[in-house]
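In the working numbering, the protein residues as written are 22 to 115. Yeah, the Cβ is synthetic: ideal placement off N, Cα and C, and Gly gets one too. As structure tokens, the structure follows; a few thoughts come after it.
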């Protein structure tokens, strides 16, 4: 599912809301999650999962084509851990 499909589904299930309002709500939610993660905060959605940021230390990597050693900078990567409810649902346990 992509963002526009999510917006459409929410709008269809809530006919009392205008499409542009649903779009604004979805965009604000995503922006808040992004801003929180940019600050290094953890974002938890009960039953769904938790978004966090993990730090990857600098390391020496290899160029796969030449085998030459390459320095890889330290970086921060997004990480998602599923909640129990989502995990159970995916595994057919409701």
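Could you compute how far the alpha carbon of residue 64 sits from the alpha carbon of residue 82?
For the purposes of this step, residue 64 is identified with residue 43 of the chain shown, where counting begins at 1. For the purposes of this step, residue 82 is identified with residue 61 of the chain shown, where counting begins at 1. One C-alpha to the other measures close to 31 Å.
Mind checking residue 98: buried by the 16 CB within 10 Å criterion, or exposed?
The residue you call residue 98 lines up with position 77 of the chain shown. With fewer than 16 Cβ atoms within 10 Å of its Cβ, residue 98 is classed as exposed.
Would you grab the beta carbon distance between residue 103 and residue 61 for me? Rounded to a whole angstrom, and I think it's under 8 Å.
Counting from one through the chain shown, the residue named residue 103 turns up at place 82. Counting from one through the chain shown, the residue named residue 61 turns up at place 40. About 21 Å separates the two Cβ atoms, so there is no contact after all.
Of all the options 86, 101 and 109, which has the alpha carbon lying nearest to the alpha carbon of residue 58?
Within the chain shown, the letter at position 37 stands for residue 58. Measuring from the Cα of residue 58, the nearest candidate turns out to be 101.
Residue 57 lies in the alpha helix (DSSP H); which residues open and close that run?
The count along the chain shown starts at 1 and reaches residue 57 at position 36. Where residue 57 is concerned, the enclosing alpha helix (DSSP H) stretches over 40-59.
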